[in-house]
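A short write-up of the structure that comes next.
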Amino acid sequence: LKVIAARLYRVRMPLVHAFQTSSHRKAYLDHILVELQDESGAIGWGEIASSSDPYYAPETVETCWHIASRYLLPAVIGRRWTHPAELAAGWSKVRGNNFAKAGADTAAWTLWAEVRQLPLATVLGGKRTEVVAGVSLGIEPTIDDLLVQVQQQVDAGYPRVKLKIAPDWDVEPVRAVRSAYPELDLHVDANGIYTADELDRLVKLDDFGLTMIEQPFTPRDLLTHAELQHRIHTPVCLDESIETVADLETALKLEALQILNIKVSRMGGLTAAVAAHDRAQDAGVAVWCGGMHEFGIGRLANVALSSLPGFTLPSDVSASEKYYARDIVQPAVTAVGGVVQVPEGNGLGHPIDREFIAANTVEEFALGP
Ligand code: OSB
Ligand code: MG
Numbered sequence: 005l006k007v008i009a010a011r012l013y014r015v016r017m018p019l020v021h022a023f024q025t026s027s028h029r030k031a032y033l034d035h036i037l038v039e040l041q042d043e044s045g046a047i048g049w050g051e052i053a054s055s056s057d058p059y060y061a062p063e064t065v066e067t068c069w070h071i072a073s074r075y076l077l078p079a080v081i082g083r084r085w086t087h088p089a090e091l092a093a094g095w096s097k098v099r100g101n102n103f104a105k106a107g108a109d110t111a112a113w114t115l116w117a118e119v120r121q122l123p124l125a126t127v128l129g130g131k132r133t134e135v136v137a138g139v140s141l142g143i144e145p146t147i148d149d150l151l152v153q154v155q156q157q158v159d160a161g162y163p164r165v166k167l168k169i170a171p172d173w174d175v176e177p178v179r180a181v182r183s184a185y186p187e188l189d190l191h192v193d194a195n196g197i198y199t200a201d202e203l204d205r206l207v208k209l210d211d212f213g214l215t216m217i218e219q220p221f222t223p224r225d226l227l228t229h230a231e232l233q234h235r236i237h238t239p240v241c242l243d244e245s246i247e248t249v250a251d252l253e254t255a256l257k258l259e260a261l262q263i264l265n266i267k268v269s270r271m272g273g274l275t276a277a278v279a280a281h282d283r284a285q286d287a288g289v290a291v292w293c294g295g296m297h298e299f300g301i302g303r304l305a306n307v308a309l310s311s312l313p314g315f316t317l318p319s320d321v322s323a324s325e326k327y328y329a330r331d332i333v334q335p336a337v338t339a340v341g342g343v344v345q346v347p348e349g350n351g352l353g354h355p356i357d358r359e360f361i362a363a364n365t366v367e368e369f370a371l372g373p
């Protein structure tokens, strides 16, 4: 294959319900869509799902735009390749910037799947025909507001609920949700806000039968994660800490995790996400696919990835409608009883709504004709 045209679209979409984590609050999101076209006219799409602010990861929409337009797209144009990993070799000198790379890498994978006339899930090694989705709930103004949110999602059929926690929003909301839903698959995510001094506070969460405690401490602090894991029965899950397969190797050696959240964005694309899945499966670590409030393109890539055999826990691949009134793929991604079908069509498997994308594009960049 040879990419002859590469384009970026910065697309703005309002969220149906503002989302608050331990660090920030969002009412609309800007994601960057990557479109790659090869000589035959086939098209592949990817999504750069960076937050606008550098609070989850160091990248922002602006840094992704800079890296993608200045380094990634120029490395792709005119290069001959037979597998997406070969195309990615063109930007291997670029350190970090995994969200930007993930969008370009996903576009290469979806283009490759289109050319081979196979579903993205199939070319990634996926086996499942449907995947189980969980939902992620932000920090709410009150516990009653949170209970309303949980009830909505349980009514919608989602079998797993994850709660964002922070030092002033942890034991009490968890106790309230647990007593209202004694059997619910419940887990918490701190996005790295706790310090080693607060270890005892987290140990208290061991009493609530949580499926996991996700990323309690700052990303580079693997030792404190290992210490917590040695003090509690609840599995520790790592998210922000794991950006490469080498990070996973270190965390395994330290026994700092029992569960891995694999995000395509954080790992720098589907090639690395599949490699992390394979390594975790080898090590007996359960994985699930995390989300970044993706629009339809990134969401369908997450669904395809979640069809791999090691994804045994519910993934953050809830229906588009949880976040967006209308999606950029048509039909939108839907869930029935918390289950999402893996598309059988080629590539991403849902048509892209170009008109809707154009109507919501706030900036564009193009290389090639
Ligand atoms: O830690 O999983 C996280 C959103 C923004 C930043 C970090 C995270 C999240 C989510 C999104 O939880 C969940 C989803 O996309 O469904
Ligand atoms: Mg997380």
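Numbering (UniProt numbering) for the sequence shown: 5 to 373. Heads up, the beta-carbon is just placed ideally off N, CA and C, and yes, glycines get one too.
Identity of the residue in the options nearest residue i by Cα
i           : options                           : result
residue 375 : Ala79, Asn102 and Glu66           : Coverage of the chain is limited to positions 5 through 373, which leaves residue 375 absent and any answer about it impossible.
Trp211      : Thr222, Val192, Asp201 and Ile197 : Looking at the sequence shown, residue 211 is not Trp but Asp. Of Thr222, Val192, Asp201 and Ile197, the residue nearest in Cα terms is Val192.
Leu40       : Glu63, Gln24 and Arg11            : Arg11
Ala112      : Gly94, Val98, Gly100 and Arg99    : Gly94
Gly196      : Ala336, Asp243 and Glu253         : Asp243
His229      : Gln345, Lys326 and Ile263         : Ile263
His188      : Val158, Val207 and Asp201         : In the sequence on display, residue 188 carries Leu and not His. Nearest C-alpha to Leu188: Val158.
Asn350      : Pro123, Tyr59 and Gln24           : Pro123
Pro318      : Leu304, Glu367 and Trp292         : Trp292
Leu256      : Ser27, Ala284, Ser183 and Thr238  : Ala284
Ser27       : Tyr198, Val136 and Gly130         : Tyr198
Tyr60       : Ile246, Tyr328 and Leu309         : Ile246
Val15       : Trp85, Ala287 and Arg358          : Arg358
Tyr75       : Ala305, Tyr328, Glu90 and Lys97   : Lys97
Val127      : Ser310, Glu231, Pro186 and Ser183 : Ser310
Asp148      : Pro171, Asp320, Lys131 and Glu176 : Glu176
Gly372      : Leu77, Leu5 and His354            : Leu77
residue 3   : Glu231, Glu90 and Leu5            : Since the first residue shown for the chain is 5 and the last is 373, residue 3 is missing from the structure and cannot be characterised.
Arg224      : Ala200, Gly213 and Ala79          : Ala200
Under 9 Å between C-beta atoms of residue i and residue j
i      : j      : result
Leu352 : Ala117 : yes
Val340 : Phe299 : no
Tyr13  : Leu37  : yes
Glu83  : Val7   : Note on residue identity: the sequence assigns Arg, not Glu, to residue 83. Yes; because the gap between Cβ atoms is below 9 Å, this pair is in contact.
Gly314 : Gly161 : no
Pro88  : Leu274 : yes
Ala104 : Thr133 : no
Leu190 : Thr215 : yes
Val139 : Arg164 : yes
Ala276 : Val249 : yes
Val278 : Leu312 : yes
Val154 : Val119 : no
Val366 : Gly130 : no
Ile81  : Ala184 : no
Pro239 : Ile217 : yes
Alpha carbon of residue i to alpha carbon of residue j, nearest angstrom
i      : j      : result
Ile47  : Thr114 : 8 Å
Met296 : Ser54  : 8 Å
Ala125 : His281 : 14 Å
Thr338 : Thr110 : 21 Å
Ala71  : Pro18  : According to the sequence provided, residue 71 is Ile. The question's Ala does not apply to it. Approximately 25 Å, taken between the alpha carbons.
Ile301 : Trp49  : 7 Å
Val233 : Leu261 : Here residue 233 turns out to be Gln, not Val, going by the sequence shown. For Gln233 and Leu261, the distance between alpha carbons rounds to 7 Å.
Ser241 : Glu43  : Sequence check: residue 241 is Cys here, not Ser. Cα to Cα, Cys241 sits roughly 43 Å from Glu43.
Ile236 : Val207 : 6 Å
Leu150 : Asp174 : 12 Å
Pro145 : Val152 : 12 Å
Glu51  : Trp69  : 12 Å
Ile143 : Pro171 : 11 Å
Gln156 : Leu167 : 14 Å
Tyr328 : Ser322 : 11 Å
Asp204 : Ala363 : 50 Å
Gln219 : Gly288 : 19 Å
Gly213 : Ala79  : 48 Å
Leu294 : Lys326 : Checking the sequence, you will find Gly at residue 294 rather than Leu. C-alpha separation (whole angstroms): 15 Å.
Nonlocal neighbours in the same chain, by C-beta distance under 7 Å from residue i, ignoring five residues either side
i           : result
Thr316      : Ala290
Thr254      : Leu226
Ser56       : Asp34, Thr64 and Val65
residue 410 : Since the first and last residues shown for the chain are 5 and 373, residue 410 lies out of range.
Asp251      : Ser245
Trp85       : Leu5 and Leu91
Pro335      : His354
Phe360      : Arg330 and Ile332
Ser73       : Leu12 and Phe369
Own chain residues within Cβ distance below 6 Å of residue i, not counting five before or after
i      : result
Ala106 : Val268, Ser269, Gly272 and Gly273
Asp331 : Gly300 and Ser324
Ala370 : Arg11
Val344 : Val135, Ala137, Val307 and Val321
Leu141 : Gln153 and Leu167
Pro58  : Thr64
Asp169 : Before going on, a small fix: residue 169 reads as Ile here, not Asp. Correct list, in chain order: Val192 and Ala194.
Short CB-CB distance (under 9 Å) between residue i and chain C
i      : result
Val240 : Although the question refers to chain C, the structure presented lacks it and comprises just one protein chain.
Own chain partners of residue i with C-beta closer than 8 Å, once the 5 adjacent residues on each side are dropped
i      : result
Glu368 : Arg11, Leu12, Tyr13 and Arg14
Ala121 : A small correction: the amino acid at residue 121 is Gln; Ala does not occupy that position in the sequence shown. Same-chain partners within the cutoff: Asn350.
> In chain order, what residues place their C-beta within less than 6 Å of a heavy atom belonging to ligand 2?
Replying inline: Asp193, Asn195, Glu218, Gln219, Asp243, Asn265 and Gly294
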